[in-house]
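Down below is the structure, laid out as structure tokens.
Right, here's the structure in full:
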């Protein structure tokens, strides 16, 4: 399935049903490696019908370069990348952005909000480059 950013619904959101989406965002140096935000994003995207690749499922304890050698092939199997807030400050997420943009993947910005029992993704919007 190929998705184009111009294919927006009435709320300005891309229809993600059946779309393979990779979640990208900051992890290093954050509490719990920002896994709650990654898993909130995964749940939201699955709720939109997407098939999600979530690098937060990888185990702890490896070097950054090892994670990237695994993460980039995961990303390349997808049609879109959903970026969590703060991705611009993450070395790994910037590498993922560069690769995704070069290969013409759909780029999405996730709007994440903290709620009493965790995190909630409110919407996804095309990321304009």
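In UniProt numbering, the protein residues as written are 1 to 129. Even for Gly, the Cβ is constructed at its ideal location relative to N, Cα and C.
C-alpha distance - residue i paired with residue j, whole-angstrom precision
{"i": "residue 56", "j": "residue 99", "result": "19 Å"}
{"i": "residue 134", "j": "residue 71", "result": "A question about residue 134 goes unanswered here, because the residues of the chain that appear run from 1 up to 129."}
{"i": "residue 117", "j": "residue 67", "result": "Note that residue 117 has pLDDT 48, beneath the 50 cutoff, so the model's placement of it is unreliable and no number is given."}
{"i": "residue 28", "j": "residue 49", "result": "29 Å"}
{"i": "residue 85", "j": "residue 17", "result": "23 Å"}
{"i": "residue 77", "j": "residue 112", "result": "24 Å"}
{"i": "residue 20", "j": "residue 106", "result": "10 Å"}
{"i": "residue 31", "j": "residue 102", "result": "31 Å"}
{"i": "residue 109", "j": "residue 75", "result": "16 Å"}
{"i": "residue 59", "j": "residue 90", "result": "19 Å"}
{"i": "residue 69", "j": "residue 14", "result": "29 Å"}
{"i": "residue 51", "j": "residue 64", "result": "25 Å"}
{"i": "residue 73", "j": "residue 97", "result": "13 Å"}
{"i": "residue 95", "j": "residue 104", "result": "14 Å"}
{"i": "residue 4", "j": "residue 83", "result": "Model confidence at residue 4 stands at a pLDDT of 48, short of 50, so the residue's coordinates are unreliable; what they give is reported in the following sentence. Roughly 17 Å separates the two Cα atoms."}
Candidates the options, of which the one nearest residue i by Cα
{"i": "residue 61", "options": "49, 73, 76 and 33", "result": "33"}
{"i": "residue 23", "options": "41, 104 and 95", "result": "41"}
{"i": "residue 54", "options": "15, 35, 87 and 79", "result": "35"}
Beta-bridge partners of residue i, as assigned by DSSP
{"i": "residue 103", "result": "Note: residue 103 sits in no beta bridge, so no partner."}
{"i": "residue 83", "result": "24 and 109"}
{"i": "residue 57", "result": "In DSSP, residue 57 forms no bridge with anything."}
{"i": "residue 52", "result": "21"}
Any non-hydrogen atom of the ligand NAD closer than 6 Å to residue i Cβ
{"i": "residue 81", "result": "Although the ligand NAD was asked about, the structure shown includes no ligands whatsoever."}
Beta-carbon separation (whole angstroms), residue i vs residue j, contact threshold 8 Å
{"i": "residue 93", "j": "residue 87", "result": "4 Å"}
{"i": "residue 38", "j": "residue 25", "result": "7 Å"}
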